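J.:
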Amino acid sequence: MKEKMSELMDGELDHSNIDTVFAEFKKNGELIKDWETYHMISDAIRRPTSFQSFDIADRIRNQLSHEPVIFVPNVSRVAKRKFYTLSAAASVVILVSSWMLLQTENTQPVITVADKTKEKIVVSQSPTSQPNPQFTYTLPPFEYHYFHNQTQPLARKVFLPSGTMYGPLTSEYQTPEAGNTR
Amino acid sequence: MSDREIDQQLVARVQQGDKRAFDLLVVKYQRKLARLLSQLIRDPAEVEDIAQETFIKAYRALPSFRGDSAFYTWLYRIGINTAKNFLVSQGRKVLTIEGNFDNEDAENFEEATKYKEVSTPESELMSKQVAQTVNKTLDSLPEELRTAIILREIEGLSYEDIASMMECPIGTVRSRIFRAREAIAEKLRPLLGTSKDKRW
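Chains E and R supply the protein sequences, listed in that same order. The working numbering applies: residue 1 is where the first sequence begins, and numbers increase by one. The working numbering applies: residue 1001 is where the second sequence begins, and numbers increase by one.
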C-alpha cells in the first residue's frame, strides 16, 4: 500500500487503484503519517539548505473535528457540459425542424399528410376555387383505441380538408370505411 | 495524473464528506504555505496561527471551490488575504512579498522569492536534523535508488522518462523510488517520534 501511496504522491498511480488507496487512508491512520514523512523527505531533498520543519497538521486535525462535514452534490463538470450540449443540440434540431416545416408549407403546392399506411389520396377540388386542378393528401397517423378483445378500433379521428371528421363513430366504434378515408 | 489532478481528486473527496482527504492536503501544503506566509509575517507563532486559519477558511469555502484554478493557487490567495487582514487588524504595516505578489502562477512562487526563515530555535534544530538525516541517507543509498529519487524529486521527471534514462522497466522505477523513500523514512522516524514502536 505504501508503494501505491508513493505512486499517488508522484501522480503516477493508476486510476483503477485510487479508490483502494483512499479507502486505506480512511481506515489506516498510520498511512497518513507515512504520507507526511514522504512529503517531508521530498521537501528536504528539494531544499537541502533551506528545509523548514513545520507541522500544524495535528492542530488543524483537532479543529476540523469540530467542523461540519462538507457534502456537495456530485454534479460533475462533464455531466453539466453533456447536459448543456444535449440541450443545445435539441434546440438546434427543433429550430431546423420548424424552419423546414415552414419552408415546406410556404413553397410546396402539394400538402402531404402522413398516413399510417403511407397511402396517398387524391381529392379533386372545385375547378372554380383554384386553378390548380388537384391536391394530393396523405392521411395523418391514425390513433387506434382497441376494445377489450383488442381486435376492433375503439376510436379513430380523421380530418379531411373538407372539414369532415370521423370517429368516435357509434357505440360499436366502427372504423370508417375505406372509401371515406381515401 | 498531474499534481493538480491529485489535488482535484482530494478536493472532490472532501466535498463528498471525507475529512481525511483534507488532512492529506494540509500535510502536503503546510510547509509551502508557511514559507509563503513568512514573507509577510516574521513571528513564527503568528505564521502558525495564520496558516491554521487559512486551512480552516479553505475547508469552509471548499463547497464553492470549482477547480477553475489549482488548489494551491486558491489556497495561496486565501493565505495572502488572511495574512493581510491579520496585519491590518493589528495596525501593522503590510510587508510586500519580493517577486510577484499577485502572480497567478502561485506554484512558482517559491522560485520567485527570496526565502525567509520562519523558525524557533527548537524548530530550527529539528529542521537541521531532518535535512542532515535525509541528505546523509540519500548519499548512502545504492546508486540506482539515489538516481531514481533524484530524477524524480529534483528534476521532476515522470516515471516513464526515468525508465527511459535508466534503461529499465517502469515498474522498476516505481519500486526504486519507493524503496529510496522508505529507506530515508526509516532513518527519520526515530527523529520524528514515528518509529514503529512510537507513532504520533
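All C-beta atoms, glycine included, are put in the ideal place defined by N, C-alpha and C. The structure presented is a predicted model; accordingly, all values stated were derived computationally and were not measured.
How many Å lie between V1027 of chain R and W99 of chain E at the Cα?
T.: 60 Å
J.: Unbroken alpha helix (DSSP H) runs of length 4 or more, entirely within the stretch 1019 to 1052 of chain R: which are they?
T.: 1019 to 1037
J.: Any beta-carbon of chain R closer than 7 Å to the one on E24 of chain E?
T.: no
J.: Should P48 of chain E and N1135 of chain R be called a contact, given that it needs their Cβ atoms to be closer than 7 Å?
T.: yes
J.: Check the C-beta distance from M1166 of chain R over to T1147 of chain R and give it rounded, since I have them as a contact under 8 Å.
T.: 7 Å
J.: The alpha helix (DSSP H) with D19 of chain E in it runs from where to where?
T.: 15 to 27
J.: Output yes if chain E places a C-beta closer than 7 Å to the C-beta of Y1115 of chain R; else output no.
T.: Caution is warranted here: a pLDDT of 45 is assigned to Y1115 of chain R, below 50, making its placement in the model unreliable, and the coordinate value is therefore given only provisionally. Any Cβ of chain E closer than 7 Å to the Cβ of Y1115 of chain R would place that residue at the interface, and such an atom is present.
J.: Under 9 Å Cβ-Cβ, which residues of chain E neighbour A1034 of chain R?
T.: Q52, F54, I56
J.: Who are the neighbours of S1002 of chain R on chain E, taking C-beta pairs under 7 Å?
T.: G11
J.: Taking K1128 of chain R as the reference, give the member of E:I45, E:H66, E:Q103, E:N62 with the closest Cα.
T.: E:I45
J.: Helix, strand or coil: how does DSSP classify E1153 of chain R here?
T.: DSSP places E1153 of chain R within a helical segment (H, G or I) once states are collapsed to three.
J.: Give the residues of chain R in contact with Y38 of chain E, contact being defined as C-beta atoms less than 7 Å apart.
T.: R1181, A1185
J.: Going along the stretch 1035 to 1046 of chain R in order, which residues come within less than 8 Å of chain E, judged by CB to CB distance?
T.: R1035
J.: Does S1195 of chain R come within less than 7 Å of chain E when only Cβ atoms are used?
T.: Confidence is the limiting factor: at S1195 of chain R the pLDDT is only 49, short of 50, which leaves the residue's position unreliable and the question unanswerable from this model.
J.: Can you confirm whether L64 of chain E, when its beta carbon is compared against all beta carbons of chain R, has any partner nearer than 7 Å?
T.: yes
J.: Using three-state DSSP, classify M1165 of chain R as helix, strand or coil.
T.: helix
J.: Helix, strand or coil, according to DSSP, for I1177 of chain R in the structure here?
T.: Residue state, collapsed to three classes: helix.
J.: Which word fits L1025 of chain R, buried or exposed, when buried means at least 16 other C-beta atoms lie within 10 angstroms of its C-beta?
T.: buried
J.: By DSSP, does V188 of chain E sit in helix, in strand, or in coil?
T.: Look at the range of chain E in this structure, 1 to 182, and you will see that residue 188 of chain E is not part of it.
J.: Is the Cβ of S16 of chain E closer than 7 Å to any Cβ of chain R?
T.: no
J.: Considering only residues of the same chain and omitting the five flanking positions on each side of Q1030 of chain R, which have a CB-CB separation below 7 Å?
T.: Closer than 7 Å at the Cβ level, and outside the excluded window around Q1030 of chain R, lie A1051.
J.: By DSSP, does S50 of chain E sit in helix, in strand, or in coil?
T.: DSSP places S50 of chain E in coil when its eight states are reduced to three.
J.: Find out if the Cβ-Cβ distance for the pair P1063 of chain R, I70 of chain E is shorter than 7 Å.
T.: yes
J.: Might you give, ordered along the chain, the residues of its own chain that have their beta carbon closer than 7 Å to the beta carbon of F1065 of chain R, omitting 5 neighbours on each side?
T.: V1011, W1074
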